[in-house]
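Peer 1: Shown below is the structure under consideration.
There are 4 protein chains.
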Amino acid sequence: MGKPVAVVLGVGMGIGGAVASKFASAGYDVAVVARNKTYKTSHNEDKLTPLKKLINEKYPSCTVLPIVADVSVASDVARAFGVIRSSFKEEDIHVLVYNVGIRLLEGESVAVVSPEMVAEFFRINALGALLCMQQALPGMIAHNRGTIILTGATASLRGSAGMASFAMGKFALRALAQAAARELGPKGIHVCHVIVDGVVDMPLMKRVPKDKMNPDDIAAMYYFLSQQPPSAWTFELDLRPSTETIANL
Amino acid sequence: MGKPVAVVLGVGMGIGGAVASKFASAGYDVAVVARNKTYKTSHNEDKLTPLKKLINEKYPSCTVLPIVADVSVASDVARAFGVIRSSFKEEDIHVLVYNVGIRLLEGESVAVVSPEMVAEFFRINALGALLCMQQALPGMIAHNRGTIILTGATASLRGSAGMASFAMGKFALRALAQAAARELGPKGIHVCHVIVDGVVDMPLMKRVPKDKMNPDDIAAMYYFLSQQPPSAWTFELDLRPSTETIANL
Amino acid sequence: MGKPVAVVLGVGMGIGGAVASKFASAGYDVAVVARNKTYKTSHNEDKLTPLKKLINEKYPSCTVLPIVADVSVASDVARAFGVIRSSFKEEDIHVLVYNVGIRLLEGESVAVVSPEMVAEFFRINALGALLCMQQALPGMIAHNRGTIILTGATASLRGSAGMASFAMGKFALRALAQAAARELGPKGIHVCHVIVDGVVDMPLMKRVPKDKMNPDDIAAMYYFLSQQPPSAWTFELDLRPSTETIANL
Amino acid sequence: MGKPVAVVLGVGMGIGGAVASKFASAGYDVAVVARNKTYKTSHNEDKLTPLKKLINEKYPSCTVLPIVADVSVASDVARAFGVIRSSFKEEDIHVLVYNVGIRLLEGESVAVVSPEMVAEFFRINALGALLCMQQALPGMIAHNRGTIILTGATASLRGSAGMASFAMGKFALRALAQAAARELGPKGIHVCHVIVDGVVDMPLMKRVPKDKMNPDDIAAMYYFLSQQPPSAWTFELDLRPSTETIANL
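And the structure:
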């Protein structure tokens, strides 16, 4: 048996990167997956190389496996997990974190929002989590062990004006999380839904302003969840900065 | 100005047909839309002809416009509403009821459910409502008036084991309903989300067993919602038989 | 068997009065109960005499029974229902509406709010409903029939800053409503919780401003709920003006 | 400045005792408060002496201050905190845990449950938390720091048949938690509501059966919450054994 492995989908310098670093610090190997481009632009931004470098400087014994893939495309997900399974033992994949998300910066009314974009957002915000789960579950079920953490948002609990395109996917992700938790708990697999309600500070190394969320603080909770013994599992929790108005209770 | 028109999507001998009949009884003309076939089968069942006949026998002055369309396909929705607008005045379209829904009779685990089917269910259970809204909204917004009623289910509020494919779409529909209600209320358009929590009796004319829901009783509430004055609008309510365990509070 | 009777607790010129009038218009006799004074003041205001006069002018055949009682005091509730049972047949008491509520106009922080006032508010906002139910239930259970409607508020779903004293009672009332609905539904008794989310216009006969709720419109829903057949009962719904921001979804 | 102090209300061999032990293990001094008798019985059970002994054996440097008090009585709470403030510096009181709860083992219908018992349960399950907060808040507000953790239950989210007496208090406690979190967050005080959804194993030292919750595992989460930096606070989370059906999502 090798070191435990955490697979983190949706990795940049925000939550995903911090989660990968946290698991690395705790002795895990990590596979980090990103699309490396933003929606509807050709702007390619390599987030994985600096992250791998950053983690390996601090935790030289950690194997960091960077993979570029579009988690909303089944064949790409299958390819990515093929690489992961060829690099690590399937039985060592203990943790799956689905941190992928896409939203409009400026909202659009239901009267005019593009239905095709809404369908695409659904694939990215929700369906991709199912695709990734289905790759990880055979191994987890075979060993009756594993933790699956899904990143939610305020939009998981409320459809705000202008945000239908985002909320439809995030609501769907929460539905998936609930069904999965109910099905997989008795098999020893812990499913968590974390509602991140605030703006996450992105540049990983800079000083964090008082009203932004430090991704390392979020990552600490993700790691804690992965270590909960079966006697006291958490399904859902929220995280927000102390200065944030609590909208979605 | 002609008679008011109610457009009912997802019509058979259950809720949709009863809703169309109820609006016919109240002096509306009705457009009734159905796919007329079940998912993944070639089983074609003409639900619209007997419904039109039934309504016209009871309410001979009601114009019933039957349309076969797949509400999950944008071009089909555009075509259907083209027919509706050529048959009625756009300003007379007061009510839109999205009663379309698809679910597995036997649940399937998240570990094995087909992601493509989940995506298809999302299009039918949620995206189709957006497509239909976008056809109806220009007229409603121009006249600052209209009612949009979306049919939810227990699965709108909880992702049960085996039901991810259904719940993901129904959760997304509720997100859409919330965003739409917040956006459109100030424009005079009333959006409602009705959570139907029980088995609906299907053969319209038969005696209703005690533990099944009579679709006429559901339709009475849909009609009441459409008549609420702006001083006291309902966004969300549940309907269930008195004998049903209340699961989803 | 006499005319059906509706007992309305918490009656003034707002929701309670409008509900009593609505049931009177539908052929019910009504018992109307009020404290006739405001919390912690000696200001006595007779709300019942003008209401009885108003109802009898419009519906002369309606028996209106006005009772002054403090619904948070068990002995007073027992006395009030004693009067009701001596005026009407117990089997005719079909409807119980608990519309009593008390709140601070200006919120107070949890750090300084008086615990004794919080306990008193709990008795008025929640415990009184239990006291009244217990008076009405023996007759309703014996005849397997009845409707109990409890008036909630935004504070039934969220504890806002400064509003702990109100929200604690309204949350508790909702808990009572849920337990009662689950227990009494199988006995044929319909329990409803109506979340009124907006400012209700108080002077019953004046023109209603666009952003206030017309109590008659609220009363129409209460009456509709009382007439729902057991095949399609509503447990919970919200009512708000079209101009209100939907906070509590 | 002395060692940090955690005040734990509602202490026995379950969650409260485990929480006190956890904070002791982390270098806190602890004040532990219990009624030491059960509702409506004269059965006195000294829970505090064995707990103090247990903690001091493992953590000899921890000052354990046991106090017998009825947290539902204002004067008793004032006396208890007087003792606490005379034993520790007010500025050192960092953590307040309200773990008091009372429920009927066998449910009782709303038709027959004693209203006076319901009022008493409200005082114990909800009002006591306000009383204790009001004692702790002046010091916390003065130093802009502190964590307040309230123990909820499944009954915080649903009023089950037979459980009105318990749910009314637990709903009210959640309302208090929400209002307090909204008010106190901007003052640097972290309020958490933990929904414990399962049976907690009581005898602290015995082997924990698979389907019971180990109080030490619950205590680990309480401690983690108390250490969250303000950039990522949790307001609400659930804890349940992996084998528990997730009822209350």
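Protein chains in written order, with our numbering: chain G, 1 to 249; chain V, 1001 to 1249; chain E, 2001 to 2249; chain C, 3001 to 3249. Built from N, CA and C at the ideal position, the CB exists for glycine as well.
Name, please, each residue of chain E whose Cβ falls closer than 7 Å to the Cβ of R1240/V.
Peer 2: W2233
Peer 1: CB-CB under 6 Å to M1140/V, same chain, minus the five flanking residues each way: which ones, in chain order?
Peer 2: G1146, I1189
Peer 1: With distances taken between CB atoms, is the gap from A6/G to F23/G smaller than 8 Å?
Peer 2: Judged by beta-carbon spacing, F23/G lies within the 8 Å limit of A6/G, meaning their Cβ atoms are closer than that value.
Peer 1: Output, in chain order, the set of chain V residues within a Cβ distance shorter than 8 Å of H2190/E.
Peer 2: Going along chain V in sequence order, the residues near H2190/E (Cβ under 8 Å) are S1242.
Peer 1: So which residues on chain E does R3103/C lean against when the C-beta distance must stay under 8 Å?
Peer 2: The premise fails here: R3103/C is roughly 13 Å from chain E at the closest Cβ pair, so nothing lies under 8 Å.
Peer 1: How long is the line joining the alpha carbons of L1096/V and L1137/V, rounded to whole angstroms?
Peer 2: 10 Å
Peer 1: Is the separation between the beta-carbon of M1168/V and that of A153/G shorter than 8 Å?
Peer 2: No, the pair does not count as a contact, with Cβ atoms beyond the cut-off.
Peer 1: Mind listing the chain E neighbours of A3069/C? Cutoff is C-beta to C-beta under 8 Å, in chain order.
Peer 2: What A3069/C touches in chain E: nothing, since even the nearest Cβ is about 15 Å away.
Peer 1: What does G139/G touch in chain V if you count any residue whose Cβ is under 8 Å from its own?
Peer 2: The contacting residues do not exist; G139/G stays about 11 Å from chain V at best.
Peer 1: With a threshold of 8 Å, are at least 3 pairs of Cβ atoms found where one atom belongs to the stretch 1224–1240 of chain V and the other to the stretch 2236–2245 of chain E?
Peer 2: yes
Peer 1: Can you confirm whether the stretch 171–188 of chain G touches the stretch 1006–1016 of chain V when touching is taken to mean that 3 or more C-beta pairs between the two stretches lie within less than 8 Å?
Peer 2: no
Peer 1: Please confirm if G3159/C has its CB atom under 8 Å from at least one CB of chain E.
Peer 2: Yes, its Cβ sits closer than 8 Å to a Cβ of chain E.
Peer 1: For M168/G, return the contacting residues in chain V, with the cut-off set at a CB-CB distance below 7 Å.
Peer 2: Contact note: M168/G reaches chain V through A1126, A1172, A1175, L1176, using a C-beta cutoff of 7 Å and chain order.
Peer 1: Would you mind sorting T3186/C into buried or exposed? The rule is 16 or more other CB atoms within 10 Å of its CB.
Peer 2: According to the sequence provided, residue 3186/C is Pro. The question's Thr does not apply to it. P3186/C is exposed by the Cβ-count criterion.
Peer 1: Thinking D2046/E and N2036/E are a contact (beta carbons under 8 Å), I'd like their distance in whole angstroms, please.
Peer 2: 6 Å
Peer 1: Determine whether the beta carbon atoms of D3217/C and S61/G lie at a separation below 8 Å.
Peer 2: no
Peer 1: For a contact defined as C-beta to C-beta under 8 Å, what are the partners of N3214/C on chain A?
Peer 2: Reference to chain A is not applicable here, since the protein chains of this structure are G, V, E and C.
Peer 1: Listed in chain order, which residues of the stretch 3–20 of chain G have Cβ atoms closer than 8 Å to some Cβ of chain C?
Peer 2: none
Peer 1: Can you tell me whether T1245/V is buried or exposed? The criterion is at least 16 other CB atoms within 10 Å of its CB, across all chains shown.
Peer 2: exposed
Peer 1: Between the Cα of A2078/E and those of M2117/E, A2129/E, A2020/E, spot the shortest distance and give me the residue it belongs to.
Peer 2: Closest option to A2078/E, Cα to Cα, is A2129/E.
Peer 1: Step through the CB atoms of chain E and report whether any lies within less than 8 Å of the CB of L1204/V.
Peer 2: The predicted model places L1204/V with a pLDDT of 45, which falls under 50 and marks its position as unreliable; any figure quoted below should be read in that light. So no, L1204/V is outside the interface.
Peer 1: If A1080/V sits next to I1067/V, beta carbons under 8 Å apart, how far is it from one beta carbon to the other, in whole angstroms?
Peer 2: 5 Å
Peer 1: Could you name the residues of chain C that G152/G contacts, counting a contact when the two beta carbons are closer than 7 Å?
Peer 2: Correct list: empty, because the minimum Cβ distance to chain C is about 13 Å.
Peer 1: Thinking C-alpha only, which one of S86/G, L173/G, A111/G is nearest Y98/G?
Peer 2: L173/G
Peer 1: Within 10 angstroms of its Cβ, does A142/G collect 16 or more other Cβ (buried), or is it exposed?
Peer 2: exposed
Peer 1: So who's on the other strand from M213/G, going by DSSP bridges?
Peer 2: V200/G
Peer 1: Taking its Cβ as the centre, do 16 or more other Cβ atoms sit within 10 Å of G3027/C, making it buried, or is it exposed?
Peer 2: exposed
Peer 1: Taking Cβ positions only, does S3075/C come closer than 8 Å to chain E?
Peer 2: no
Peer 1: Pull up the distance between the alpha-carbon of M213/G and that of K53/G, whole angstroms please.
Peer 2: 23 Å
Peer 1: Please report how far the alpha carbon of Y3039/C lies from the alpha carbon of F3171/C, in whole angstroms.
Peer 2: Since pLDDT at Y3039/C reaches only 42, below the 50 mark, its modelled position is unreliable, and the value read off the structure follows with that caveat. Between Y3039/C and F3171/C, the C-alpha separation is close to 20 Å.
Peer 1: Please work out which residues of its chain come closer than 7 Å, Cβ to Cβ, to G2198/E, disregarding the five sequence neighbours upstream and downstream, and give them in chain order.
Peer 2: Contacts found: M2213, R2240, P2241, E2244.
Peer 1: Going by DSSP in three states, L54/G sits in which element: helix, strand or coil?
Peer 2: helix
Peer 1: Can you find the residues in the same chain that come closer than 6 Å, C-beta to C-beta, to S1042/V, ignoring five residues on each side of it along the sequence?
Peer 2: The pLDDT assigned to S1042/V is 42, lower than 50, so where the model puts this residue is not dependable; a value taken from the coordinates is nonetheless given after this. Apart from the 5 residues on each side of it in sequence, S1042/V has no Cβ closer than 6 Å to any other Cβ in its chain.
Peer 1: The beta strand (DSSP E) spanning L127/G covers which residue range?
Peer 2: No beta strand (DSSP E) holds L127/G; DSSP gives it neither H nor E.
Peer 1: What are the residues that DSSP puts in a beta bridge with I2102/E?
Peer 2: In the DSSP output, where bridge partners are listed per residue, I2102/E has none listed.
Peer 1: Tell me where the alpha helix (DSSP H) around G3016/C begins and ends.
Peer 2: 3015–3025
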